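Trainee: Residues 386 to 486 in the working numbering are what the sequence shown spells out, letter by letter. Even glycine gets a Cβ: it sits at the ideal position worked out from N, Cα and C. No experiment lies behind these values; they were computed from the predicted model shown.
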Amino acid sequence: MNCPSCNFEYTYMEDDFYVCSACGFKFKEEENFILDANGNKLVDGDDVITIKDLKVKGSSQPLKQGTKVTNIKIVSGDHNIDCRIQGFGNMSLKSEFVKKA
Ligand SMILES: [Zn+2]
Numbered sequence: 386m387n388c389p390s391c392n393f394e395y396t397y398m399e400d401d402f403y404v405c406s407a408c409g410f411k412f413k414e415e416e417n418f419i420l421d422a423n424g425n426k427l428v429d430g431d432d433v434i435t436i437k438d439l440k441v442k443g444s445s446q447p448l449k450q451g452t453k454v455t456n457i458k459i460v461s462g463d464h465n466i467d468c469r470i471q472g473f474g475n476m477s478l479k480s481e482f483v484k485k486a
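(1) Going by beta carbon distance, what residues of the same chain come within less than 7 Å of G451, once the five residues before and after it are set aside?
(2) When we look at the beta-carbon of S480 and count the other beta-carbons within 10 Å, is it buried (16 or more) or exposed?
(3) Output the distance between the C-alpha atoms of V441 and F473, rounded to the nearest integer angstrom.
(4) Output yes or no for whether 8 Å exceeds the beta carbon distance between K458 and C468.
(5) Could you round the C-beta distance between M386 and E416 to whole angstroms and report it? I think they count as a contact, below 8 Å.
(6) I'd like the span of the beta strand (DSSP E) that includes I434, first residue to last.
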């Protein structure tokens, strides 16, 4: 991981930080996370629960409020959660309609 300050390529770990061998700049690895409806962090592999009935494209059945969704994947975009739900298959959800399980 290159130093974000001087772009030097050699860094080492100290406590929870990366430290640049050239300029001594300390930084943390960017964490890929989003926030759920309650403002809690969600990361890859988390389980969430839907907080309202959600319409599903191509299905006459809504995804019911309270459905547990396991092993989510954080993606970028409007629907920022990729997941697989039994009975529905692969889906994309919005983080504002789920909470951490
Ligand atoms: Zn540096």
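Mentor: On the basis of the data shown:
(1) Hits under 7 Å: I434 and T435.
(2) Using a 10 angstroms sphere on the CB of S480, the tally of other CB atoms reaches 16 or more, which defines it as buried.
(3) So the alpha carbons of these two residues sit roughly 8 Å apart.
(4) Taking the C-beta atoms as reference points, C468 is found nearer than 8 Å to K458.
(5) The C-beta separation of M386 from E416 comes to about 13 Å, leaving the pair out of contact by the 8 Å criterion.
(6) Taken as a continuous stretch (DSSP letters only), the beta strand (DSSP E) holding I434 covers V433 to T435.
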